[in-house]
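Accompanying notes for the structure given below.
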Amino acid sequence: MMTLDIKVNQLLVFQMSKTKSNTSSILNPFTFKPHRSIHNMLLLDSFVFTEQTFAITNGPSITLGHIAIEAHLNIDQQLRNYFQRILKTLPSTVQIQLLFVPTKILLNQQQFQSLIANNNLDAQILKSILPLKFLDNEIIPSGLIFIGLGTHQSIGIGMHVCSHFIPTVERDTLDLQDAYAAKWNEELIACVGQIARRIYDQEISHSSHNTLNKNYETIMAPYSFQKTVPSEKVGAIILKGFFALKNDIFVPTKRLPSANNLSLVISTQTFLADSKHIHGFLPLPLIPFELSKNHFFTALKEHSLIHMTDKSIIEESLTSSALLSNELIELLKWLCSSDINDRSYTKRVLSVVRYHETINSPISYFGKLNYYDALNISLVLPLPSNVLPISIAEHFSQEQLHHNLFLLPCNFKQLIDFYLSENQQYL
6 MMTLDIKVNQ
16 LLVFQMSKTK
26 SNTSSILNPF
36 TFKPHRSIHN
46 MLLLDSFVFT
56 EQTFAITNGP
66 SITLGHIAIE
76 AHLNIDQQLR
86 NYFQRILKTL
96 PSTVQIQLLF
106 VPTKILLNQQ
116 QFQSLIANNN
126 LDAQILKSIL
136 PLKFLDNEII
146 PSGLIFIGLG
156 THQSIGIGMH
166 VCSHFIPTVE
176 RDTLDLQDAY
186 AAKWNEELIA
196 CVGQIARRIY
206 DQEISHSSHN
216 TLNKNYETIM
226 APYSFQKTVP
236 SEKVGAIILK
246 GFFALKNDIF
256 VPTKRLPSAN
266 NLSLVISTQT
276 FLADSKHIHG
286 FLPLPLIPFE
296 LSKNHFFTAL
306 KEHSLIHMTD
316 KSIIEESLTS
326 SALLSNELIE
336 LLKWLCSSDI
346 NDRSYTKRVL
356 SVVRYHETIN
366 SPISYFGKLN
376 YYDALNISLV
386 LPLPSNVLPI
396 SIAEHFSQEQ
406 LHHNLFLLPC
416 NFKQLIDFYL
426 SENQQYL
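In my numbering, the protein residues as written are 6 to 432.
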């Protein structure tokens, strides 16, 4: 146990302790395999996880995860000579330490949320330790780099990092100007990205067991890759390390609009859509709309590891599927929205759309529709096959039905012609 005491005139006014435990109850089972850094300067070959509980006497406490990676050096003679000039004795191993909030703690509503909601001085002190900030119910990564003491350099993810970084003369950030110092610092930063990727892979894999859909926003928040300051280059290097691993990246996905639960799917098999309406009808594996705002998915897109929906993909997908009524309504809302200003495209899409009331109902073809039910006839009589039911039409204005969906109101003449046909089957 480590203790911080603050006394005034020999009177103890504040006490805070940190205890460590090698027994992990907060980190999901973690498999670590030795691997090399991006430019083979380091061999990351041992991994130690501990729980670290920070507690204020007679106040709140929080338990965080701490990972220590031992790395053996494999550097060229020029860099070795540089280090020996500034360090005198060159260590044979380097330690990389990460302090973060494990998923189990983030989702522990009783402990964590009570701390976040509390704004007294003790709670503020504990929250200042966290590599996360909380603003309007949003979790924002705020991890910093430490070189013994803290620096002003952020890393863009929800982890604090400490290692043998070479600082500037002022020691408030990293030296990325000197050629040798930059080479060393960039390799260490990239290692942090590599380690963060392995933590992400383990945490997201375990989340497939009984995770509520709403919790995925919390689980993925520490990996939202914020802009780093004062050096933006640090963030780019973190990303480089994170995506250096060629294994598949799994992401929470809604396989179909009607799916109740999210599934973990390889990112290259999933799609991003920038309209809520698209999420309501497109039968493709989509990243949920709210979750897609996480910059993690922006990074996936920039690395060509996820697809964007476009009009051609939507049109092609609709030719091979039949929509439920609620899905049809979302499609029509999308076609009526400001996102679509191409009338020829709208006509093509409507010509291929098939829909039915329920899975077991007969399939109807939107392309055969000419009218919409404006008289609420369907409550008492069956509608002609070329009339859109009022249960769908009522979601749209007359202008939308006419201008965007190319439908006219069904009048009494069409109804009389239909009901008084030769066989009079509807009388």
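From the three backbone atoms N, C-alpha and C, an ideal C-beta is built for every residue, glycine too.
Going by C-alpha positions, I43 is about 14 Å away from H77. Where D10 is concerned, the enclosing beta strand (DSSP E) starts and stops at 7-13. Using a Cβ distance threshold of 9 Å, Q102 and I74 count as a contacting pair.
Among the bridge pairs identified by DSSP, R359 is matched with A327, Y370. Where T98 is concerned, the enclosing beta strand (DSSP E) starts and stops at 98-105.
I162 and L179 have their alpha carbons spaced roughly 17 Å apart. Between M21 and the set A128, E237, N124, T258, the nearest pair of CA atoms involves A128. The beta carbon of S66 sits closer than 7 Å to the beta carbons of T58, F59, A60 from its chain, once the five residues preceding and following it are set aside; these are given in chain order. Between I334 and H400 the beta-carbon gap is near 5 Å, inside 8 Å, which marks them as a contact. Residue range 220-225 is occupied by the alpha helix (DSSP H) that includes E222. Counting C-beta atoms within 10 angstroms of its own C-beta, V166 has 16 or more neighbours from the protein chains shown and is therefore classed as buried. T351 has its alpha-carbon roughly 17 Å from the corresponding atom of Y377. Closest by C-alpha distance to S297, out of R359, F286, S272, is S272. Buried is the label assigned to K259, since at least 16 other Cβ atoms lie within 10 Å of its Cβ.
By the beta-carbon neighbour count (other beta carbons within 10 angstroms, threshold 16), M225 is buried. Restricting attention to I311, N218, G246, L244, the CA atom closest to the CA of N265 is found in N218.
Distance check between F417 and each of P389, S396, Y205, L336 places P389 closest, using alpha-carbon atoms only.
Taking all protein chains shown into account, H157 has fewer than 16 neighbouring C-beta atoms within 10 Å of its C-beta and is therefore exposed. In the three-state reduction of the DSSP assignment, S236 falls in the coil class, being assigned neither a helical nor a strand state.
Taking a C-beta distance under 9 Å as the contact criterion, L340 and N409 qualify as a contact pair. Residue range 154-159 is occupied by the beta strand (DSSP E) that includes Q158. In this structure, L380 and C415 form a Cβ contact; the two beta carbons are roughly 7 Å apart against a cut-off of 8 Å. Classified as buried, I160 has 16 or more neighbouring CB atoms from the shown chains inside 10 Å of its CB. Rounded to whole angstroms, the separation of the alpha carbons of L104 and G70 is 6 Å. A direct Cα-Cα distance of roughly 34 Å separates E222 from R359. In the structure shown, the three-state DSSP call for A73 is strand.
Excluding the 5 residues flanking it on each side, N123 has no same chain C-beta neighbour closer than 6 Å. Listed in chain order, the non-local C-beta contacts of V18 below 8 Å within the same chain comprise I11, K12, local neighbours out to five positions each way being set aside. In the displayed model, I382 falls within a helix according to three-state DSSP. Close CB contacts of Q199 within its chain, under the 8 Å cut and outside five residues either way in sequence, are with H40, S42, I43, L49, G246, F247, A249, L250 (chain order).
The alpha-carbon separation between S213 and K109 amounts to approximately 13 Å.
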